[in-house]
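Colleague: Structure below; questions to follow.
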Amino acid sequence: MSTSIRTGHSRQRTLAALLLLCLAATAGATGLGSTLTTAGFTDPTYGSVSLRTSAGPDAAPVAYDQSAAAAVFLTPSGDLYVGGLRSTGDGNGAVPGPRTDPTRVDLPRGVRIVDAAGSTNDFHTPHTQTTSFMALDDDGGVWTWGMTYRSPAGPQLIGRGDISVAASRSAGRVTRTAGGGELPAIARIARIENQFLALDRAGILWAWGYGGENLPAPAGAGDAPLPFPAQRTTAVPSGSGCAADGGNSLGEVHWHSVWSGPNAAGAVARNGLVYTWGFDNSDGTGSPAVSTRCPALNEGANRALFQRYPELYTTADGLVYDEDALTSESARHERYADIVAHMRTRSLDACDGVLGAEAVDSGRCPVRQLGFSAGAARLLTQDGELLTWTTKSAWGRQFLGRPDRSDAPADRPAPVSGDRRYDAVAAGVSSVLALGRDGRVYGWGANNVCQAVGAQTAGGTVSGTDCANDAAPSDRTTVLEPLAVSGVPRDVRVEHIALTQCAAWARLADGRTYAWGAGTAGGHLFSQCRVPASPSLRGYRIYRHTEADEAHPFGTPITGAATPTVLVRS
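The sequence shown runs -29 to -1, 1 to 541 under mature numbering (1 follows the signal peptide of the UniProt record, and there is no 0).
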């Protein structure tokens, strides 16, 4: 989540602290209890008097949450709440019912969270034992809880060593590395299914978690209960881990940014090159997808950047990449390889330093956002052009935002349909949102619970104000090209978007917030939103904060499987 939402929180906390000091004296004289109820929540970590601030916390969904059936919210002051299915713990050691109000994660005094993420193995709600969470505080500390894909009785792979299942239900700080040292201050976090990624302020990527897939580990490495450095890279995707030597090894790099995906991830190095890895990793050249255990140069993505930013990417002799001039595929690959050979040993000024918790990179580095859905990848350039590609799997097609054409095949990076530019992209389990530079929000992908465009669709167009509420996505309800989200006012610019699992939000410049999509539906496998068969797995995703009161500080939950666009905060 962008740190811009935190503006002014220090001043607010200072004023609140002064007020609490004054009220504390009154509390001692009047014999008030030992807990403070703030905004309707009982919070044992603060003072001993009651201070009413509003009907409920100003909580917004985090930028990346693809836990199958949980819901993670963050306030501008750094308080973290978890709702929905919390069967692997709510961060406090408890396992509340899925339809109880979201609970605040009780972290030590002074800890303020700036970003958080959740993930579930296969994004499958019955896999309740494989949901885990990660949070980053403003001091660079990383906090985790929950469980990854492991025997429930075994050690939990959440970066805290050999801890018990009971201990894993409470949030704890990741402090030690696999080498025995202290984990450095972290600038940015990311998730891949059962794996955790943390980029420190020096550009070193730390990884840990389940070793059977996705983990950017050395060759032959298994599970990683503690963080290890992931700096090694390779020239082409390979099913093996990162080898210290070998024909395709490219040595180590320092990273500028790292980006999440459900079962794939990517990073931009300080040399300005894009690397990707994980399950079904595609290099964007039409080559078969492989499950890559090592950050590999993504040829398709890099060629797209070379074409669009010739002033930044050249060979040692100053030659540039030009698709029109390079008329054969072999000539294009050769020029690509020559540019890579020159760039990978350099530090590109535009990509110097480390990106923090921001949802987008608004600096000079050509990659504004890099992201992944199941079987599909997307790259948003700094100029606002959104490129997508897929391995042509059944999962990937719905995430492209464009049809598969001979002049823009699905397995090569190409712009989404239309000529508009975008500021930001957000993705759920089954659909994609994009914030246009025109101030409007657009969606595509599966729309069976209105998760893509906030209204019922048929054949790619809005067909009704209700939701189809199909048991599973179908061609009838899938939107293949960007379509303006229905029900979001057009008179005020949209400033922020979020899409988590199957529910979406848009915040306007005047503070109004709209939501649409799943009320109780959750992620199913890697590309679907469905209502869990068991009621015990159904948790709420969307709350009408406009109806908040003391009894329901988050407001009234959307209890149906799906909802069209609704005002949730005025």
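Cβ coordinates follow ideal geometry from the N, Cα and C atoms, glycine included.
Measure the C-alpha to C-alpha separation of Gly346 and Leu470 and round it to an integer number of angstroms.
Modeller: Here residue 346 refers to the residue found at position 375 when the sequence shown is read from its first residue. Here residue 470 refers to the residue found at position 499 when the sequence shown is read from its first residue. When rounded, the distance between both Cα atoms is 18 Å.
Colleague: In this structure, what does DSSP give as the bridge partners for Phe104?
Modeller: Taking the first residue of the sequence shown as position 1, residue 104 is located at position 133. According to DSSP, which records beta bridges pairwise, Phe104 is partnered with Gly89, Trp116.
Colleague: Below 8 Å CB to CB, which residues in the same chain sit around Asp108 once its five sequence neighbours on both sides are set aside?
Modeller: Residue 108 sits at position 137 when you count from the first residue of the sequence shown. These residues qualify, in order along the chain: Gly49, Leu78, Val82, Arg83, Ile84, Val85, Trp114.
Colleague: Within 8 Å, do at least three Cβ pairs link the region 462 to 478 to the region 430 to 437?
Modeller: Because the criterion of three Cβ pairs below 8 Å is not met, the region 430 to 437 and the region 462 to 478 do not touch.
Colleague: Apart from the five residues just before and just after Gly111, which ones in its own chain have a Cβ nearer than 6 Å to its Cβ?
Modeller: Working through the sequence shown from its first residue, we reach residue 111 at position 140. If we look at Gly111 and ignore the five residues flanking it on each side, its Cβ neighbours are Ala156, Ile157.
Colleague: Judging by CA-CA distance, which residue of Pro196, Ala161, Ile513 is the nearest neighbour of Ala238?
Modeller: Mapped onto the sequence shown, residue 238 falls at position 267. Checked all of Pro196, Ala161, Ile513; the closest Cα to Ala238 is Ala161.
Colleague: Buried or exposed: where does Thr530 fall if 16 or more other Cβ atoms within 10 Å of its Cβ makes it buried?
Modeller: In the sequence shown, the residue the question calls residue 530 occupies position 559. Per the 10 Å Cβ criterion, exposed.
Colleague: Using 8 Å as the threshold, is the C-beta distance between residue 584 and Leu451 below it?
Modeller: Shown here, the chain extends from -29 to 541; a query on residue 584 therefore has no answer.
Colleague: Alpha carbon to alpha carbon, how far is Cys265 from Ser364?
Modeller: Locating residue 265 in the sequence shown gives position 294, counting from the first residue. Locating residue 364 in the sequence shown gives position 393, counting from the first residue. Those two C-alpha atoms are separated by around 22 Å.
Colleague: For the alpha helix (DSSP H) containing Glu300, list its first residue and its last residue.
Modeller: Start at 1 with the first residue of the sequence shown, and residue 300 comes out as number 329. Element bounds for Glu300: 300 to 314.
Colleague: Would you mind sorting residue 546 into buried or exposed? The rule is 16 or more other CB atoms within 10 Å of its CB.
Modeller: For residue 546 there is no data in the structure shown, the boundaries of the chain being -29 and 541.
Colleague: What number of angstroms, rounded off, separates the C-alpha of Trp177 from the C-alpha of Leu170?
Modeller: For the purposes of this step, residue 177 is identified with residue 206 of the sequence shown, where counting begins at 1. For the purposes of this step, residue 170 is identified with residue 199 of the sequence shown, where counting begins at 1. The straight-line gap from Cα to Cα measures roughly 6 Å.
Colleague: What is the DSSP secondary structure of Asp61, reduced to helix, strand or coil?
Modeller: Translated into the one-based positions of the sequence shown, residue 61 becomes position 90. Coil.
Colleague: Unbroken beta strand (DSSP E) runs of length 3 or more, entirely within the region 330 to 412: which are they?
Modeller: Runs of the beta strand (DSSP E) inside the region 330 to 412: 338 to 344, 347 to 352, 357 to 361, 393 to 398, 402 to 407.
Colleague: For Gly130 and Pro198, which I take to be in contact (beta-carbon distance under 8 Å), what is that distance rounded to the nearest angstrom?
Modeller: What you label residue 130 is simply residue 159 of the sequence shown in a count that begins at 1. What you label residue 198 is simply residue 227 of the sequence shown in a count that begins at 1. Confirmed, about 6 Å.
Colleague: Using CA atoms only, rank isn't needed, just tell me which of Phe525, Gly407, Ala287 is closest to Arg315.
Modeller: Taking the first residue of the sequence shown as 1, we reach residue 315 at position 344. Answer by Cα proximity: Ala287.
Colleague: Return the bridge partner residues of Pro28 from the DSSP annotation.
Modeller: Stepping through the sequence shown from its first residue, residue 28 is reached at position 57. Note: Pro28 sits in no beta bridge, so no partner.
Colleague: Under 8 Å, do Asp93 and Leu496 count as touching if we go by C-beta distance?
Modeller: Residue 93 sits at position 122 when you count from the first residue of the sequence shown. Residue 496 sits at position 525 when you count from the first residue of the sequence shown. In contact: Asp93 and Leu496 (Cβ atoms closer than 8 Å).
Colleague: So the candidates are Ala42, Arg80, Pro47; which of them puts its Cα closest to the Cα of Asn74?
Modeller: Translated into positions along the sequence shown, residue 74 becomes position 103. According to the sequence as given, residue 74 is Thr; it is not Asn. Taking only the C-alpha atoms, the option nearest Thr74 is Ala42.
Colleague: Mapping the DSSP letters down to three states, classify Asn242 as helix, strand or coil.
Modeller: For the purposes of this step, residue 242 is identified with residue 271 of the sequence shown, where counting begins at 1. Asn242 falls in the coil class under three-state DSSP.
Colleague: From Leu371, Asp481, Ala302, pick the residue whose C-alpha is nearest to that of Gly410; which is it?
Modeller: The residue labelled residue 410 in the question sits at position 439 within the sequence shown. Here the closest residue by C-alpha is Asp481.
Colleague: Under three-state DSSP, which class holds Gln278?
Modeller: Here residue 278 corresponds to residue number 307 of the sequence shown, with the count starting at 1. Reduced to three states, the DSSP call for Gln278 is helix.
Colleague: Tell me where the alpha helix (DSSP H) around Val136 begins and ends.
Modeller: Against the sequence shown, residue 136 aligns to sequence position 165. Note, Val136: alpha helix (DSSP H), 136 to 139.
Colleague: In three-state terms, what does DSSP make of residue 588?
Modeller: Examination of residue 588 is not possible in this model, given that the chain is present from -29 through 541 alone.
Colleague: What's the call for Ser505, buried or exposed, on a 16-neighbour Cβ count within 10 Å?
Modeller: Translated into positions along the sequence shown, residue 505 becomes position 534. Counting Cβ neighbours within 10 Å, Ser505 comes out exposed, since fewer than 16 surround it.
Colleague: Can you check which of these residues, Gly257, Thr71, Val245, is closest to Ser377 by C-alpha distance?
Modeller: Looking up residue 377 in the sequence shown gives position 406. Among Gly257, Thr71, Val245, the Cα nearest to that of Ser377 belongs to Gly257.
Colleague: Please list, in chain order, all residues of the same chain as Gly407 whose beta carbon is under 8 Å from its beta carbon, the five residues on each side excluded.
Modeller: Residue 407 sits at position 436 when you count from the first residue of the sequence shown. Result list for Gly407: Arg391, Arg392, Tyr393, Asp394, Tyr413, in chain order.
Colleague: Indicate whether Thr227 and Gly327 have their beta-carbon atoms separated by less than 8 Å.
Modeller: Numbered from its first residue, the sequence shown carries residue 227 at position 256. Numbered from its first residue, the sequence shown carries residue 327 at position 356. As written in the sequence, residue 227 is His, which differs from the Thr given in the question. For His227 and Gly327, no; Cβs fall outside 8 Å.
Colleague: So for Ala161, helix, strand or coil by DSSP?
Modeller: Counting from 1 along the sequence shown, the entry for residue 161 is found at position 190. Strand at Ala161.
Colleague: My output table needs one value for Asp320: the three-state DSSP class, helix, strand or coil.
Modeller: If you number the sequence shown from 1, residue 320 lands on position 349. Reduced to three states, the DSSP call for Asp320 is helix.
Colleague: Using beta-carbon positions only, say whether Asp251 and Asn273 come within less than 8 Å of one another.
Modeller: The residue labelled residue 251 in the question sits at position 280 within the sequence shown. The residue labelled residue 273 in the question sits at position 302 within the sequence shown. Result no, Cβ atoms of Asp251 and Asn273 do not sit closer than 8 Å.
Colleague: Could you check what DSSP says for Thr530 in three-state terms: helix, strand or coil?
Modeller: By one-based count along the sequence shown, residue 530 stands at place 559. Here Thr530 sits in coil by DSSP.
Colleague: Closest to Arg383 by CA distance: which of Gly54, Glu270, Gln422 is it?
Modeller: Along the sequence shown, read from residue 1 onward, the residue named residue 383 stands at position 412. Nearest option by C-alpha distance: Glu270.
Colleague: What is the residue span of the beta strand (DSSP E) that Leu221 lies within?
Modeller: Residue 221 sits at position 250 when you count from the first residue of the sequence shown. Run containing Leu221: 220 to 223, per the beta strand (DSSP E) assignment.
Colleague: Under 7 Å Cβ to Cβ from Ala486, same chain only, skipping five residues before and after it: list those, please.
Modeller: If you number the sequence shown from 1, residue 486 lands on position 515. Closer than 7 Å at Cβ, skipping near neighbours: Ala474, Ala475, Trp476, Ile513, Val537, Val539.
Colleague: Which same chain residues, not among the five before or five after Ala260, have their C-beta less than 7 Å away from its C-beta?
Modeller: The sequence position of residue 260 within the sequence shown is 289, counting from 1. Result list for Ala260: Asp251, Asn252, Ser253, Thr362, in chain order.
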